[in-house]
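Residue numbers (our numbering): 369 to 543.
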């Protein structure tokens with residue numbers, strides 16, 4: 369036996385349901401839009417990139433070489449590059465942000481990266497703050513072509529959860 373409902377009652381139920389769905393969406397939508405936070409590597413922020421460029425020259429260039437053409441070519445002649453380039457000819461962009469932070473901070477890499485022995489990559493977690501590590505990586509990303517940055521952003525989409533988790537663990541306050 370079915371429940372008999374009059375046409376006006378049926379209309380009222382549908383309208384009420386639509387209003388409740390609208391209210392629920394209105395309450396939930398702001399929280400959904402919060403998920404689209406800024407990327408971990410702030411390569412468009414000139415202050416971040418400038419700090420990162422200075423730190424890169426001091427801490428990274430002796431092994432990875434200079435990138436971005438910002439250094440005196442005479443200095444480059446004195447550098448024996450022993451690590452992969454972070455420039456367009458390198459493969460840094462093939463790894464998501466969280467893996468780059470992990471490698472820089474601990475000298476260890478995620479499963480998706482190759483193994484790195486202790487003699488190859490030092491741990492910078494003691495020498496550099498989380499903010500400084502992100503600044504350096506932001507500088508590196510700023511030197512890539514638009515095409516490479518777009519490809520890196522696509523890779524980051526695949527690892528959005530890991531990138532968000534790492535962002536929440538880092539102390540990104542200014543030093």
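No residue lacks a Cβ here, since even glycine has one placed at the ideal position from N, Cα and C.
Scanning 528, 530, 452, 506 for the CA closest to the CA of residue 417 turns up 506. If you ignore the 5 residues before and after residue 420, its C-beta comes within less than 6 Å of the C-beta of 503, 504, 506, 507, all in its own chain and listed in chain order. Separation of the CB atoms of residue 530 and residue 452 is rounded to 22 Å, and the pair is thereby denied contact status at 8 Å. At a Cβ-Cβ threshold of 9 Å, residue 491 and residue 474 count as neighbours. No Cβ-Cβ contact shorter than 9 Å links residue 424 with residue 467. Taking C-beta atoms under 8 Å as the contact rule, residue 499 and residue 540 qualify, at a distance of about 5 Å. Under the DSSP assignment, residue 514 falls in the alpha helix (DSSP H) whose first and last residues are 514-526.
The shortest C-alpha to C-alpha distance from residue 489 to any of 410, 432, 459 is the one to 432. In this structure, DSSP gives residue 511 a state outside helix and strand, which the three-state scheme calls coil.
Residue 542 sits away from residue 407, with the two beta carbons spaced by 9 Å or more.
Around the CB of residue 374, fewer than 16 other CB atoms lie within 10 Å, so the residue is classed as exposed. Shown here, residue 424 sits in a helix according to DSSP, grouped into three states. Short of 8 Å from the beta carbon of residue 461, and not among the five residues preceding or following it, lie these beta carbons of its own chain, in chain order: 509, 512, 516, 517, 519, 520, 523.
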